[in-house]
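The structure appears right after this line, and notes come after that.
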Amino acid sequence: MNLQLQSQVILVTGGAGGIGEAIVQTLAAERAIPCVLDRNEENGERLVQRLLSLRSEAYFFPLELSDPEACEYTVHQIVARIGRIDGIVNNAGVNDDIGLAKGDHHRFLQSLENNVGHYYSISRAALPALKRTGGNIVNIISKTAFTGQGNTSGYAAANGARSGLVTGLADELKPYQIRVNGIVVADTQAPLGKRCTSPREVANMTAFLLSSVSAAINRQTIFVDGGYVHLDRSIR
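Counting in numbering that gives the first Met the number 0, the sequence shown runs from 0 upward without gaps.
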């Protein structure tokens with residue numbers, strides 16, 4: 000299937016590794032133009048150089064995502080350099096083990112800032128560019144928003160907020176023909192020892208949601224988790 004992503008400029012936060020890297024590679028294979036936003040300069044540059052060697056167009060922008068001013072500056076840099084933004088994949092985050100017993104008020108708020116603050120900051124900074132293109136936003140969401148995990152209340156709360164941003168932003172941005180969807184991901188192994196999902200499968204769904212092929216899909220949260228949330232947990 001041709002996803003019609005050729006020459007589409009897509010920002011991917013946390014794109015230098017893991018799920019983000021798989022998304023970047025998939026977008027490049029679809030002839031989109033991925034922009035990797037990550038603080039890991041070594042991995043980010045290596046990934047982009049590898050894609051350039053394959054005759055793909057890709058860019059790396061070093062960024063500390065917890066800094067909202069840096070987020071705004073980097074997005075403006077991208078528009079100035081490339082000229083447009085067609086989509087955003089909000090993906091970066093870290094399970095920082097901030098719970099009640101091991102955390103405090105400050106660390107809890109810091110967890111929210113680190114794990115969902117940049118979802119808002121990047122989307123807000125890119126809004127003028129997205130209005131011009133009628134672009135798309137895809138939020139990657141951990142299953143902990145729905146299942147919990149224990150001793151990770153900061154991370155779980157942040158992912159609940161990521162899910163809330165899907166519905167909130169979709170409603171707000173509908174007049175501009177900007178779609179917003181979410182993808183819930185789980186671990187690579189299900190509780191029963193069977194394979195759950197892979198970064199590539201998450202990347203395939205992400206590319207689909209970014210494309211015009213999925214134009215009828217908006218304000219949805221899709222579980223690409225091998226049935227973990229709704230099946231495996233119900234039959235433990």
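Quick reminder that beta carbons are idealized off the backbone N, C-alpha and C, glycines included.
Item: Around the C-beta of Asn1, are 16 or more other C-beta atoms found within 10 angstroms, so that it is buried, or is it exposed?; Value: exposed
Item: What are the complete beta strand (DSSP E) segments, minimum 3 residues, inside the region 51-122?; Value: 58-61, 86-89
Item: DSSP three-state label for Ile22, please.; Value: helix
Item: Of all the options Arg45, Asn135, Phe107, Val88, which has the alpha carbon lying nearest to the alpha carbon of Asp96?; Value: Phe107
Item: Which of the three DSSP states, helix, strand or coil, is assigned to Arg38?; Value: coil
Item: What do you get for Gln3, buried or exposed, if any count of 16 or more other CB atoms within 10 angstroms of its CB means buried?; Value: exposed
Item: With Ile140 and Ile182 assumed to form a contact (beta carbons below 8 angstroms), what rounded beta-carbon distance in angstroms separates them?; Value: 7 angstroms
Item: Taking only the alpha-carbon atoms, compute the straight-line gap between Gln50 and Ile216 and give it to the nearest angstrom.; Value: The sequence shown places Leu at residue 50, not Gln. The alpha-carbon atoms of Leu50 and Ile216 are separated by roughly 30 angstroms.
Item: Hey, how far is the Cα of Gly133 from the Cα of His229?; Value: 33 angstroms
Item: What does a CB cutoff of less than 6 angstroms around Asn135 pick up in its chain, not counting 5 residues either side in sequence?; Value: Gly86, Arg178, Leu209
Item: Is it the case that the Cβ atoms of Gly43 and Pro61 are separated by a distance below 8 angstroms?; Value: yes
Item: Using the Cβ count rule (16 or more neighbours within 10 Å means buried), how would you classify Gln48?; Value: exposed
Item: Since Val201 is in the alpha helix (DSSP H), which residue starts that stretch and which ends it?; Value: 198-209
Item: Give every residue of the same chain whose Cβ lies closer than 8 angstroms to the Cβ of Lys101, excluding the five residues on either side of it in the sequence, and list them in chain order.; Value: Asn150
Item: Would Ala29 and Ala206 be called neighbours here (beta carbons separated by less than 8 angstroms)?; Value: Per the sequence shown, residue 29 should be read as Glu rather than Ala. In this structure, Ala206 lies closer than 8 angstroms to Glu29 by Cβ.
Item: In three-state terms, what does DSSP make of Arg30?; Value: coil
Item: Measure the alpha-carbon distance for Ile221 versus Val93 and round it to whole angstroms.; Value: 21 angstroms
Item: Figure out for me which residue from Pro33, Gly226, Val137 has the closest Cα to the Cα of Arg54.; Value: Pro33
Item: With Arg178 as the anchor, note down where its beta strand (DSSP E) starts and where it stops.; Value: 178-184
Item: Could you tell me which residues DSSP puts in a beta bridge with Ser141?; Value: Val184
Item: How close, in whole Å, do the beta carbons of Leu126 and Ala91 come, if the pair is a contact with beta carbons under 8 angstroms?; Value: That pair is no contact at about 19 angstroms.
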